[in-house]
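In the numbering used here, the protein residues as written are 1 to 338.
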Amino acid sequence: MTPAEAFASGAEHAEEPPALIRPTGLARIVVGCVVALGLFVGLREWVHAALAAVLSGSDGEQSIAYLAPGAFLTVLLRMVGVVVGGLMSGAGRSRGWATGACTGVLCIGLFAVLDAANEAPPGVGAGVAAAVAILLATVAGWVGGRTWPAPAELPEPPDPSQRSSLARLVEREEKASGPRPTLWFRLLIGTVIACAGFAGADAIRIGMKRAAPGMLNFGGAAHAAATDAEIALLLVVAGGVLVGSSTGAGLRHGLISGFLTGLACIASSFVQQDVTAQTTSGVAELFGVSQAQASPGLTAVVVCTAVFVATAFGGWLGGQLFPPVVPVHLRKRRKLFD
1 MTPAEAFASG AEHAEEPPAL IRPTGLARIV VGCVVALGLF VGLREWVHAA
51 LAAVLSGSDG EQSIAYLAPG AFLTVLLRMV GVVVGGLMSG AGRSRGWATG
101 ACTGVLCIGL FAVLDAANEA PPGVGAGVAA AVAILLATVA GWVGGRTWPA
151 PAELPEPPDP SQRSSLARLV EREEKASGPR PTLWFRLLIG TVIACAGFAG
201 ADAIRIGMKR AAPGMLNFGG AAHAAATDAE IALLLVVAGG VLVGSSTGAG
251 LRHGLISGFL TGLACIASSF VQQDVTAQTT SGVAELFGVS QAQASPGLTA
301 VVVCTAVFVA TAFGGWLGGQ LFPPVVPVHL RKRRKLFD
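This is the structure:
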């Protein structure tokens, strides 16, 4: 390769238009969640101040009761925040409804963790309100995508250079590949493995102990919870590695899977307390939260955070250890006579 083939002139680079900034779907979802949560907190403070001024002559705790978790005003303010966040996340996206729905699910999940930390009792009304909020966020994302459509795909100007530069070919190949898609089926499989590992950590420990009698020493009953927590987190990381491998975007897949796995672990800790109670207490004690002194809400927040971080780390690790060998747009299924 000659220098003339490897390097282009400065005039050719100067004529190239600047690259168009296209925010990713994950960035749009994060922006929508920040807007939704910030708007909810701001509106809640305004309503609290207005109620305190109107009800100044009555009991001061009455204004707080109107804004308690599960109250009508709190649910209404959350829906307003989620709708505006979904509208922001769907703007400029060709599939605004998808980013709006993801924003709604993420915000409702964060609100559920907040309610669990405040020890708010879950009920059917809370589930119906969450479903309605997600539906409204999806519709708002679709409206945002229709009102502010995505930038038009303009054809690129022809390359004035007719040289067979390998650097040019690599650059064209990278432009043609586009952003890495989200592999939802792989993400679902990894999330199921992580959730099953968390829920079955105690059964795995007991099975290993019975399979090798006298050869495995886990420290007795005093260290059973810690051992269950270590097994659960190890399997959660393994699920994250499977989610992020061969995707080219392991961290993104790990973050999405970590959020879903964290919510599933919290739900299983409330629904099947006899199965996951020891694993949950072990994870909380690994991070310095004593089960005897901590509230169930604080324990749920600690467990959700630990699972989220472990799955995100596993997704990043899987993306680094197992990068994609063939670009996605060049892959195809093998036929019978190939």
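Using N, Cα and C, we set each Cβ at its ideal position, and we do this for glycine too.
These figures come from a predicted structure and were not determined experimentally.
**Prompt:** So Phe198 is in the alpha helix (DSSP H); what residue range does that whole segment cover?
**Reply:** 184–199
**Prompt:** Along the chain, where does the alpha helix (DSSP H) that runs through Met79 open and close?
**Reply:** Note, Met79: alpha helix (DSSP H), 72–90.
**Request:** Following the continuous alpha helix (DSSP H) through Leu321, name the residue where it begins and the one where it ends.
**Result:** 296–321
**Request:** Measure from the alpha carbon of Cys107 to the alpha carbon of each residue in Ala91, Arg78, Gly92, then state which is nearest.
**Result:** Arg78
**Message:** Please return the same chain residues whose Cβ sits closer than 6 Å to the Cβ of Thr99, not counting the five positions on each side in sequence.
**Reply:** Taking C-beta separations shorter than 6 Å and ignoring five residues to either side along the sequence, the partners of Thr99 in its chain run Gly25, Arg28, Ile29, Ser89, Gly90, Arg93, Gly141, following chain order.
**Request:** Specify the secondary structure class of Leu260 as computed by DSSP and reduced to three states.
**Result:** helix
**Asked** Is the Cβ-Cβ distance between Gly319 and Ala238 less than 8 Å?
**Response** no
**Message:** Please state the DSSP three-state secondary structure of Ser245.
**Reply:** coil
**Request:** Return the first residue and the last residue of the alpha helix (DSSP H) that Leu43 is part of.
**Result:** 25–54
**Message:** Does Ser269 come out as helix, strand or coil in the three-state DSSP assignment?
**Reply:** helix
**Pairwise C-alpha distance: Val80 and Phe40** = 7 Å
**Asked** Hey, would you say Thr191 sits closer than 8 Å to Leu260, going by beta carbons?
**Response** yes
**Request:** Using a threshold of 8 Å, state whether the C-beta atoms of Gly104 and Ala53 are closer than that.
**Result:** Contact flag unset, no.
**Asked** Would you call the CB atoms of Val113 and Leu73 closer than 8 Å?
**Response** no
**Message:** Taking the alpha-carbon of Ala116 as reference, which of Pro324, Ala310, Thr299, Phe308 has the nearest alpha-carbon?
**Reply:** Thr299
**Message:** Can you look up Gly214 in the DSSP assignment and give me helix, strand or coil?
**Reply:** coil
**Best match in Leu87, Val82, Pro149, Gly144 for proximity to Ala129 [C-alpha to C-alpha]** = Val82
**Asked** Can you tell me whether DSSP reads Trp97 as helix, strand or coil?
**Response** helix
**Prompt:** Do Thr182 and Arg252 have their C-beta atoms closer together than 8 Å?
**Reply:** yes
**Asked** In whole angstroms, what separates the C-alpha of Val143 from that of Gly32?
**Response** 14 Å
**Message:** In this structure, how does DSSP classify Val325 when only helix, strand and coil are distinguished?
**Reply:** coil
**Asked** With DSSP run on the structure shown, which of helix, strand or coil describes Phe111?
**Response** Residue state for Phe111 is assigned as helix, using DSSP reduced to three classes.
**Asked** What whole-angstrom Cβ distance do Gly244 and Phe308 have, given they're in contact under 8 Å?
**Response** With a beta-carbon spacing of about 14 Å, Gly244 and Phe308 fall beyond the 8 Å limit used to define contacts.
**Request:** Run the CB neighbour count on Phe111, radius 10 Å, all protein chains shown included, and call it buried at 16 or more, exposed below.
**Result:** buried
**Asked** Mind checking Ala232: buried by the 16 CB within 10 Å criterion, or exposed?
**Response** With at least 16 other beta carbons inside 10 angstroms of its own, Ala232 counts as buried.
**Prompt:** Taking DSSP as the reference, what is the three-state secondary structure of Gly239?
**Reply:** helix
**Asked** So Gly282 and Ser257 are in contact, right, with Cβ under 8 Å, and what is the actual spacing, rounded?
**Response** Rounded, the Cβ-Cβ distance is 22 Å, inconsistent with contact.
**Message:** Just to confirm, is the Cβ distance from Leu194 to Val236 under 8 Å?
**Reply:** According to the sequence provided, residue 194 is Ala. The question's Leu does not apply to it. Cβ distance < 8 Å, so Ala194 and Val236 count as in contact.
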